[in-house]
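Chains A and B supply the protein sequences, listed in that same order. Residue 10 is where the first sequence starts when you use my numbering, and the numbers rise one by one after that. Residue 10 is where the second sequence starts when you use my numbering, and the numbers rise one by one after that. Below is one structure, written out as structure tokens; the observations come after it.
There are 2 protein chains.
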Amino acid sequence: MEEENSRANDRELGRREQTRSHNQALILAAARAVFAEYGYSRTTVRDIIRATPLAAGTFYNYYKSKDEIFQAIRDETALKVRPLLREARSGSKTADKFIYATFRTFFDFVVAEHAALVTGHSSNAMHVRVDTPEIIAGFGELEEDLASAIAAGILPRVDIKYLTASIAGLAFELSENMMDREKPDPEAAARFATDLVLGGISGMAKK
Amino acid sequence: MEEENSRANDRELGRREQTRSHNQALILAAARAVFAEYGYSRTTVRDIIRATPLAAGTFYNYYKSKDEIFQAIRDETALKVRPLLREARSGSKTADKFIYATFRTFFDFVVAEHAALVTGHSSNAMHVRVDTPEIIAGFGELEEDLASAIAAGILPRVDIKYLTASIAGLAFELSENMMDREKPDPEAAARFATDLVLGGISGMAKK
DNA sequence: GCGTTGTATGACACTGCGTCAACTTAACTT
DNA sequence: AAGTTAAGTTGACGCAGTGTCATACAACGC
């Protein structure tokens, strides 16, 4: 349905929209780099725009504020991990596979994307943080999946809200602990977390 | 050893130091209130000082910057919980008591102090956050105590670093989950977390 | 009393965000 | 292909908020 010679997918975009999305990408990439280097509060919108060939005012043609672009970056990352987690869990027929897949996928993601995980909002903390509101929200899906798994008899009946929070808490804190080590080992971390959760809930179920 | 009629403990302070500490406390209290209401970025130093009878410049006689007073507040809170946690664990002769005391004390503290737990640095998130760097650092002591407990045979041998991170992660995330509920129940949360950890590590030990 | 030293004050300099009127460029019209 | 419109670009500007500083003031020692 396209014209011939449409190698590039922006072939049939007008020049306008072409440069628009080009510039948008330019700004976003610059912002990611600068935020990663200086953290939120110490980067200025001018710093970001200085890393592009554009002028100061142009920034606001693409993003309403410094806050908005920061959100955009974090959303982007969070949105990437959600389908991965869902997908990883989907085929799991046993409790062990279900829980392990969740942790392993998350830890692998953190290792792969840690440069993109924007550092804290705070003054000069260059620490990698994974417990952003966007990622936390992503664990809402986990709650649904846990409910299904319990209904299907894969997992024993326990308080779902607490269990979801527990898995999220383990995922966040073990991620950061893992990344602080010389050689991050997602397999070991996932194994530990899985054993903890499985042992814990099987103990609870017996009561 | 004091003079008679020394009801107030600033009796033998000079007037100077008396008003100094008075003003300091005044500013700190005002800051706590204003930060709690508007969050970090939306409160100005002028907002803080306006809640006291002092003038703008005076603020900087007591604190170097807005950031510094924010840190001071967080440190103060973090420093309060540490001895409580140590104390709570100290007498515990069984694994269950040891772990439960840790969680229960932490959750009770969060409930009691939640107004003082300054909300996130971020734009307008009024969410209570307990995983500040200062509080996270406090869990270093937990690691030492876990090591002792394992040495004493109270807890089975497991990876201490992962276990510490796990307990911290559970404490943080369950705290926030607990505070989001209509009626926070530290007992139930602590019970859940304890069962999870105990069941988990006893499972690991058997391997 | 009287110098000295620490404190209070608000005007000011400075930095950084977000806006806007003037200008440029793309797309469309006839 | 010249003319019209719509969209994008630009940097100077307005404004808000931080932190500083010269001046004024109050406490302390003598």
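Even glycine gets a Cβ: it sits at the ideal position worked out from N, Cα and C. Only a predicted model underlies this, so the values are computations on that prediction, with no experimental measurement involved.
Reference residue i; option with closest CA among the options
{"i": "B:Ala39", "options": "B:Ser211, B:Ala198, B:Ile58, B:Val167", "result": "B:Ile58"}
{"i": "A:Pro142", "options": "A:Gly178, A:Ser50, A:Glu191, A:Phe68", "result": "A:Gly178"}
{"i": "B:Asp140", "options": "B:Val90, B:Ala104, B:Asn32, B:Ala161", "result": "B:Val90"}
{"i": "A:Glu85", "options": "A:Thr114, A:Thr52, A:Arg41, A:Ile108", "result": "A:Arg41"}
{"i": "B:Phe148", "options": "B:Leu207, B:Asp194, B:Leu88, B:Ile159", "result": "B:Leu88"}
{"i": "B:Ala156", "options": "B:Ile144, B:Leu172, B:Ala146", "result": "B:Leu172"}
{"i": "A:Ala65", "options": "A:Tyr47, A:Asn32, A:Ala97", "result": "A:Asn32"}
{"i": "B:Thr114", "options": "B:Ala104, B:Ala60, B:Thr103, B:Arg98", "result": "B:Arg98"}
{"i": "B:Ala60", "options": "B:Phe201, B:Val43, B:Asn70", "result": "B:Val43"}
{"i": "B:Ala2", "options": "B:Gly208, B:Thr103, B:Ala174, B:Val119", "result": "Past the edges of chain B, shown from 10 to 216, lies residue 2 of chain B, and the structure says nothing about it."}
{"i": "B:Phe118", "options": "B:Ile144, B:Lys102, B:Arg29", "result": "B:Ile144"}
{"i": "B:Phe181", "options": "B:Phe112, B:Arg200, B:Leu207", "result": "B:Phe112"}
Residue-chain proximity (residue i, chain A), Cβ-Cβ < 8 Å
{"i": "B:Asp105", "result": "no"}
Length of the line joining the Cα atoms of residue i and residue j
{"i": "B:Met176", "j": "A:Asp76", "result": "Note that residue 176 of chain B corresponds to Ile in the displayed sequence, not to Met. One C-alpha to the other measures close to 33 Å."}
{"i": "A:Ile163", "j": "A:Gln27", "result": "50 Å"}
{"i": "B:Lys106", "j": "B:Val54", "result": "45 Å"}
{"i": "B:Leu93", "j": "B:Leu151", "result": "12 Å"}
{"i": "A:Ala198", "j": "B:Asn186", "result": "23 Å"}
{"i": "A:Ile210", "j": "A:Asp168", "result": "10 Å"}
{"i": "B:Pro62", "j": "B:Lys170", "result": "49 Å"}
{"i": "B:Ala134", "j": "B:Phe79", "result": "Since pLDDT at B:Ala134 reaches only 41, below the 50 mark, its modelled position is unreliable, and the value read off the structure follows with that caveat. Distance between the alpha carbons of B:Ala134 and B:Phe79: 16 Å."}
{"i": "B:His123", "j": "B:Ala161", "result": "35 Å"}
{"i": "B:Phe116", "j": "B:Lys192", "result": "13 Å"}
{"i": "B:Gly212", "j": "B:Arg95", "result": "26 Å"}
{"i": "B:Ile108", "j": "A:Thr52", "result": "42 Å"}
{"i": "B:Thr67", "j": "A:Ser50", "result": "25 Å"}
{"i": "B:Glu13", "j": "B:Ile159", "result": "Here B:Glu13 scores only 36 on pLDDT, less than 50, and its place in the model is too uncertain to base an answer on."}
{"i": "A:Gly100", "j": "A:Gly48", "result": "39 Å"}
{"i": "B:Phe121", "j": "A:Phe201", "result": "According to the sequence shown, residue 121 of chain B is Ala rather than Phe. So the alpha carbons of these two residues sit roughly 32 Å apart."}
{"i": "A:Arg29", "j": "A:Asp56", "result": "20 Å"}
{"i": "A:Leu207", "j": "A:Ile82", "result": "34 Å"}
{"i": "A:Ala110", "j": "B:Thr203", "result": "24 Å"}
Residue i classed as buried or exposed, judged by whether at least 16 other C-beta atoms fall within 10 angstroms
{"i": "A:Leu205", "result": "buried"}
{"i": "A:Ala214", "result": "exposed"}
{"i": "A:Tyr72", "result": "buried"}
{"i": "B:Arg24", "result": "exposed"}
{"i": "B:Pro195", "result": "buried"}
{"i": "A:Asp154", "result": "buried"}
{"i": "A:Ser184", "result": "buried"}
{"i": "B:Arg190", "result": "exposed"}
{"i": "B:Arg166", "result": "exposed"}
{"i": "B:Thr103", "result": "exposed"}
{"i": "A:Ala34", "result": "exposed"}
Chain B within 8 Å of residue i, Cβ atoms only
{"i": "A:Lys170", "result": "yes"}
{"i": "A:Asp140", "result": "yes"}
- Select from the region 199-213 of chain A all residues with a C-beta closer than 9 Å to any C-beta belonging to chain B, and list them in chain order. Residues Phe201, Ala202, Asp204, Leu205, Val206, Leu207, Gly208, Gly209, Ile210, Ser211, Gly212, Met213.
- At a Cβ cut of 7 Å, what residues of the region 161-188 of chain A count as close to chain B, listed as they run along the chain? Under the 7 Å Cβ criterion, the region 161-188 of chain A contributes Asp168, Lys170, Tyr171, Ala174, Ser175, Ala177, Gly178, Leu179, Phe181, Glu182, Leu183, Asn186.
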